[in-house]
Amino acid sequence: MQKCILPPLYDRNYDHDACGVGFIASLNREASHKIIEMSLEAVLNLTHRGTVGGDANTGDGAGILFEKPHEFFIKNIIELKSFSFDDYGVAQVFFPNNEKAVTECLNVIEKCVKEEGLSIVSIRSVPTNDATLGMLAKKSQPIIKQIFVTKDKKPLTETRLYILRRVIENTILNNYKDYSEDFYICSFSINTIVYKGMLLASQIPEYFIDLKDPLIKSKFALFHQRYSTNTLPAWRLAQPFRYIAHNGEINTLRGNINKMKSREKIIKSDVFGDEIEKIFPVIIPGGSDSACFDNCFELLLHGGRSCEHSLMMMIPEAFGKKYYMSEDRRAFYEYYSSIMEPWDGPAAIVATDGKTICGTLDRNGLRPSRYLITKDGFIILASEIGVIDIKPENIKQLGRLQPGKMLSVNTETGKVSFDNEVKSNIIRSKPYRRWLEKNRIELTGLTTIYDIEKMDEKELLRGQQVFGWTKEMIKMHVVSMCHDGQEPVGSMGIDVPLAVLSEKPQVFFNYFKQLFAQVTNPPINPYRENLVMSLMSWLGKKGNILTEEETHCAQLKLTHPILTEEDLQRIIKSNNPYLKTKRISICIDKGADGKKLEKSLEELCNKAEESIKEGNTILILSDKDYDKNRMPIPSLLALSAIHHHLIRKGNREMCGIIVESGEVIETMHFALLLGYGANAICPYLAFKSIVQLKENGDISNDITLEEAIENYINAIKKGLLKTLSKMGISTIRSYQGAQIFEAIGVSEEIINKHFEGTASRIGGIGYDIISIEARERHKKGYPEHKEEPEPLDYGGVFHYRKDGEIHLWNPFTIAKLHEAVKKDSYQIFKEYSKLINEQQKNLYTLRGMFKFKESPIPIDEVEPVENIYKRFATGAMSFGSISKEAHESIAIAMNRIGGFSNTGEGGEDPERFKVLPNGDSKCSAIKQVASGRFGVTANYLANARELQIKIAQGAKPGEGGQLPGAKVDEVIAKTRFSTPGVTLISPPPHHDIYSIEDIAQLIFDLHCVNTEARVSVKLVSEVGVGTVAAGVAKGKSDMVLISGYDGGTGASPLTSIQHAGIPWELGLAETQQTLVANHLRDKIRVQVDGKLMTGRDVVIAAMLGAEEYGFATSVLITLGCCMLRKCHLNTCTMGIATQDIDMRRHFSGKPEYVVNFFKFIAMEIREYLARLGVRSIDELIGRTDLIEIDENSYHWKSKTLDFSKILYYEKNPEVDVRCTKNQDRMLETSLDYTLLLDKVKDAIEKKTKISFEVPIRNIHRAVGTMISGKIAKIYGENGLPEDTIKIKFNGTAGQSFGAFLCKGVTFELEGYANDYLGKGLSGGKIIVYPPKNADIEPGDNIVVGNTLLYGATRGEVYISGAAGERFAVRNSGAKAVIERVGDHGCEYMTGGIVVVLGPTGRNFAAGMSGGIAYVYDPDQLFDTYCNLELVDLVPVVEESDKNTLKEMITKHYEYTKSEKAKHILDRWDISIEKFVKVFPLDYKLALSRIKANEIANSDQIQVTEEVSNG
Amino acid sequence: MAKVFKPKNINNFKTIKRSPIKYRNVEKRIKDYKDVMEEWGLEEIRLQASRCQNCGVPFCHGYGCPISNYIPDWNELVYNGKWQEALELLHKTNNFPEITGRVCPALCEEACTLNMNFESVTIRNIELAIVEEGFKNGWIKPVIPKVRTGKKIAVIGSGPAGLAASMDLNRMGHSVTLFERDKKAGGFLRYGIPDFKLEKWIIDRRLQQMIMEGVEIKTDITVGKDISLQYLQKEYDAILFTIGCREPRDLRIEGRELEGIYLATEYLKQSNEKVSGIKIDDDKLITAKGKNVLVIGGGDTGADCVGTAIREGALSVSQWEILPKPPEKRAFETPWPMFAKKLRTSTSHEEGCDRRWLISTKKFIGNKRVEKVVAEEVEWVVDETGKLVMKIKEGTEFEHKAELVLLAMGFVHTEHSNIITESNIELDKMGNIKTDNYGYGRTNVQKIYAAGDSVRGPSLVVWAIHYGKMVASLIDRDLKGI
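Protein chains in written order, with the working numbering: chain A, 1 to 1510; chain B, 10001 to 10482.
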């Protein structure tokens, strides 16, 4: 097998996968070959959810898991002839592809089998045919053998085989490390077998000849189609695994693995007895998240839990107060939360033990899972409906898995059990509720009374100095949080050096950056979907997960992890035998150098271990005893050192850890401590400081001390929820220890020893510098020869101060740039760029440490500036975040030079699409598609040169945004298709991108709507961004944008501005290396942005791999911005980041200034190119060999950095290192392209009416989208007259049915549909009803999928049947009638009308700020399902409401012949009383305001209204 | 004062109008030499302070103010009524806010971001209010160093640079002797600036504090004459030259020798002495009373001459400038946040003065005493090399009646007195002292440092304070051997 050498920044640990998944089972208790055939058909029809790799025939992996084909084996293997089913087990094994290895591995197997008391019956080579495989798959294919094992000295059981498998695996790993990568046991079981490989779905039966044999029979099959970000050989990563197949991603993996490891001393079970050691480590290193999940699952299973029970432990549903559930069930989950943390992340899991098959969804329900039960006795569950052709009349039931819900099939009885039935058996198997009541310990009165002793002012100041506080931290974080209980907000990104580049001593926290979810899993909205979030955790010794004992929950239950000093006292003095506390000081001698620090840490670790041996269950790591002679070790370092030490020793779960530290101030500090193992935190100095602040009058008189502290704690809680949700994690229990951070500038030594598993890729500080920084801080608190502590430094991270942190945008750079562009003076520009480029004295950025290897050529040989202009783009700043004047100036300027301006997330006035008389154009070349989908219509998309999917933005990756109603004036409302005064919320995730295959879908949709435009995806730099970029490349994006963490923003929490994401240098280099290694670089362009300020920045970006360059803040500066950092307050006195007309009057920027800026940048680039001896930018891309490290830039910290990984140079790359090919956009798979466009050509051109019928399947995606794009291009917003094009479809529609459907087009679907129907609906009409001959009740069956009408702006939809989650999410104008919806209906809706003729799921109307919903609610329980934060529920009494409702329902009946509609209409007078109107408060106000205005403005209107009302 | 905290309205910059401290009525104020400013109300100052936006990049602090006053921070403290904290913060960067608060042209206000589209915060007024609040409440007390280093430093020249350096060095624990050739310390502050802009008790008040802190001030001693530099070199560990840039630019044209033509510095010094009560001999007396006064030179010193002449009872006062009249609004070539080139009208100008631009003085006419001045109009044109050159406008010659002519045409370089010529101190091209830093630093002679105008050339009080502070910390580091 071919080994590949990977480039240094490409770490396969960050590979992601997601996919199509499902199972088929017979309910007739009958094994058949048909099941195998059906499952192969199903995988084939999920092909679009997987991808191909660098070569077209290498799949990412596919496979099936089914019953051991006993009949087949006994016929083909002589030795088995007399065996009955249970007499033998079979292992399906991948061997490394060489003779010697096979022999050696087989020897190991034989030896182990013997040692374990079993014997081998036979070994069979699995016949394969690799004729159709792609080059990459072929080169890496293993030798596959089946090994048959039977009992010998010991009886044969599944558990025996599990132990044996682990023994074999460990033996290979320990003795034949070279083989361990490729030696892999797919399955080893008496009951089941797995056939899988790095295959395309269609290749499974071709490759595995066995599968065609009719003797291969099964009662069920699990199947999986993989979409991974990598293309490198990974046969073993194909799914299913031994027990499960998973679609999604486990976000908390690192923590789960560590916790599993720390349990190894605790887990005991009679099943394993002494042999338990053999299965360790439970989690096999090097596996994917799904593989690790499988490992944990198998332990639970063999430990005696059922499939269902194990899944409930690993993926518990949310059980917060807002959930209406049985007390026993809540108790079950709470009990288990004390010993097991959730494996958190989007997940659709199917699992089997060979008898029972379960399917479940994570608590957020973020992966689709649809099921269908047929009358002839099959159940099919899959990511999509329609994967197998089932005749309508054969359908018995259609449904979906709901968030946190489970379904189970007993293949022996043929019974399907649904959630309640499955779970009630388990939750009542033990008296969990009583156990909890009896044993759970609660900290009563937590955060109620405050009796914080005041600290002497001088002593407080000493403390603040010792822990590195600054005035700015106090003012901007502490005081602000005390005032409003919110995380403080700022704007315009960050431009100070990284901690390791700063010459100022930094607190250790600052060396870490938060990771966040992008593409492969969605972030969560912690406000609008907070019912799934939880900060509850347990403190104390954890119990054995393989047993159920009542004292397992004898731990302290905390509602959140922030403890006051009083709480801590209460815990210490509790006298509870389960809460034995031990305080461990983390202070050391003030003179301690690096060596001493290292030694002290070792001692601390030992002390912690000792303390556990003494029987303590809670360790309190405290730095409260600092004094003149003792200084604190950074709390994070001390904590993580101990945490990891205890994990290694296997006893971390024997105790809880509380950190009591004076260093802790803001959210990031709490998050880091929790992320590296703390269970609770007491920020005592913060509390003391608040007392002082109150005393000094720095906190408003209106706020009492109690309120101030309460507010501070609340702000931190909110901040923590946000930090969790950014990563898509719902509970603090699984965040804790999950290490979702990257270190920048921390040495390998420190990381490996104390932060194992954390990425840190450029080396950095070690013990020496950590101790120097600690000593510096201590000295300021206790200066030599001085009585008084030094006064606090200002800090100056967010606000510039001359003696504070240095800023790239400082008064001098800003002033110079203003002057240069105004005077059109290149000379002054050079003075400006010199201030930024020459960083030897002031090191701002990583690239500041670079210098070039020069070999000059004459400058006239270098390509002209005009060529370079095409590579320039401006950042996505929405009209809304910046003023109309600023936005249009940028667009005009970029169109003049032929660059790209960006709409940002806010739509664009169609007026701007027209060219101005002077030849200028205000039309932005890049139309952004962000999570709010504001103004994203077919017309908007059709008028673009690039369509950009914004996944994240540098200043606040993983977060949503909000444009307060006050800022939404008429023009903004118009371009965003909303109502003035109505608050507009952008959700954190795109609700149509929960995983990597989803983004491929959106890219496809966008390619369809505008076949000319390129599609790009904007990502933010973090470790693993390269693999995400690879996934995006495989999803057929034409360009990927890597943003630095430092990008500007209109408003973002300060924590996010400073601590989330990493510099682009790292992300870009990783992207380049990963794309090249995966043979994808030649198919996708790469753009970079994030504080690009000069030509030199661009040149470095090119060398690191980018071919295009984005500028945002610098462009605003040219237009007059001077970094007031007031964007979030609407008071920009330069008229840029404001909508206030008084401010906008003052806007003094001109397109010329922007043009001058880009001219200067291009001129400077040319100078550099000449010096480097390179004639064009193309030649420069990827030329890291031209970069050297400038030793003049070394200072005490920066000299510890090692850039070799960033500057890695691939001498002989196997593909071009820049984009030289076009992506295959796969438009030929579109029904529009192959069929519909031709048919409607005349109708579009001549507006003649046309109607016809066509069959449809789930593989037909984005039907109607291409037609709509064409219509919009010609007719703009208006489209065609109603019903010009009418098409009737029969069958099951694929995803994005009718996406962006234009006015004038009507789709009628007799059948079913998948997710994203009517996405971005732009005036079209969609009608769906189940097949006429189907014998089902539409309202009780899932007819359409999740996330319908996402971002719809206009149009009508009538669906006879039920929909899944998030119906009409972010709808801003469409009218829809539906008969039942799942959770989160009408979320973030801002306009339009939705009528629901039946029940809704939970959290209806969350974040709904506009539009109206009418819900038929005969039980009058709707308010318990509705999120009432932003809406009122009112009865339908107004005549106009009644009329609207009746009209819509009547139409619904006419179009769909819905029985339900008929029923309601027939009894209209009674029915109408049962409707509830959901009326958003904002909207109500806005409407009344508009109405009042109209009345005030015109008598005419008043008259008409009176008339119509009369 | 009560500590009241209420978050301010962020729109105050818009809703509250800029309102600087008022000047006294012209009629009244020209009758005396008292400060032209009226009393101010603390409440109004607080409101004005609340107009500060607390910018992300405060150009006032970071660009405008040479000594980087923490302007946004003390603005906020003032708004919250924390005057004493504000004072502490102000004193951190500025030794003499009561002086800059009166005479500084307020580069900070020029650079205020509100100065672009709105009106800048009245920073200078706020500064003044803070420090005067401090004096009023007795918060400004001598800061006596606890430990003496035993190092001795001689500072020559008691202008703002010398004073600032002396104060800082003394507080660092060194023993400082400040030498001044005039009768009283203060240098140009005392003898160059008229009382109506800076009453002299203000300097005395601060000197008193410095003396109590331990600075030894020796006046009426000219180093190089009364005491030799060699002696100082022997006795002191460091010597600092802060001797200013006092060599005036003269106008050597026909008739210059006539009586009644004086350098502005001579005139202002005498006037300051008179106001302080010193009697001047009649034969040396320069007075504008009853005369037509012509001030040649359009700068600040010229304006001070104008105000003084008016107070002395001049018949008329004219002021000529050779350069073109600056634009009413900020000139294109000096965009924000630079100190704008634009027409500036001082309080003196308000008091009655005929200002003319583009005038070149040709000769003085008179019989022993000057009676008339002959002048021509000029224009500035760009020559073939792109340089601006002056051209006489033919046929524009005119005569102007003047019995007192004051030459306020700036200064050329530091005075080349004995201590300079005999000490082998290297000078730069302009004739100022050469140091290893811009505006301050070590000279070529061991132990000798220099700072302020004598190094940089003529400039503002605030720059002198800045260089004084910079040189103090340099000397401190050198003496401590860090």
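Here a beta-carbon is modelled for each residue, glycine too, at the ideal position from N, C-alpha and C.
So, for residue i: in the same chain, excluding its five sequence neighbours on each side, which residues have a beta-carbon less than 7 Å away from its beta-carbon?
i	result
L215/A	P69, E71, F72 and K75
V10103/B	I10193, K10197, L10198 and V10461
P1151/A	S889, I892, A893 and R896
The ligand NAP and residue i: does any heavy atom of the ligand fall closer than 7 Å to the residue's C-beta?
i	result
A10164/B	With respect to the ligand NAP, the structure offers nothing, as it holds no ligand at all.
I'd like the list of long-range same chain contacts for residue i, defined as Cβ closer than 6 Å, with 5 residues on each side in sequence excluded.
i	result
K1319/A	S1296, A1299 and Y1350
Whole angstroms are fine: how far does the CA of residue j sit from the CA of residue i?
i	j	result
Y333/A	T252/A	19 Å
N1460/A	G1339/A	Position check: residue 1460/A holds Lys in this sequence, whereas Asn was assumed. For K1460/A and G1339/A, the distance between alpha carbons rounds to 8 Å.
M10210/B	P10142/B	7 Å
V1023/A	L636/A	21 Å
N1497/A	L398/A	At N1497/A, the pLDDT of 49 sits below 50, so the modelled position is not reliable; the number obtained from the coordinates is stated separately. Near 54 Å, if we compare the C-alpha coordinates of L398/A and N1497/A.
I1042/A	I35/A	45 Å
E742/A	P1063/A	12 Å
K1462/A	V1395/A	15 Å
K10291/B	H10400/B	13 Å
I441/A	N364/A	29 Å
A1162/A	N1192/A	27 Å
C112/A	G1067/A	45 Å
K816/A	E831/A	7 Å
R10181/B	W809/A	46 Å
A10464/B	G10157/B	12 Å
In this structure, what does DSSP give as the bridge partners for residue i?
i	result
A680/A	I658/A
L558/A	S537/A
Quick one: which chain B residues come within Cβ less than 7 Å of residue i?
i	result
W809/A	V10057
List, in chain order, every chain A residue whose beta-carbon is nearer than 7 Å to that of residue i.
i	result
L10114/B	T1133
For residue i, I'd like the list of residues in its chain whose CB is within less than 8 Å of its CB, leaving aside the five on either flank, ordered along the chain.
i	result
I1206/A	L9, R761, I762, L846, E1065, L1066, A1069, L1104 and T1184
Any 3 or more C-beta pairs closer than 8 Å across the segment 10114 to 10129 of chain B and the segment 10008 to 10027 of chain B: yes
Contact between the segment 673 to 692 of chain A and the segment 283 to 301 of chain A (3+ Cβ pairs under 8 Å): no
At least three beta-carbon pairs within less than 8 Å, the segment 476 to 484 of chain A to the segment 643 to 659 of chain A: no
The segment 10092 to 10111 of chain B / the segment 10055 to 10064 of chain B touching (three or more Cβ pairs under 8 Å): yes
Given 8 Å, three or more beta-carbon pairs between the segment 125 to 137 of chain A and the segment 157 to 169 of chain A: no
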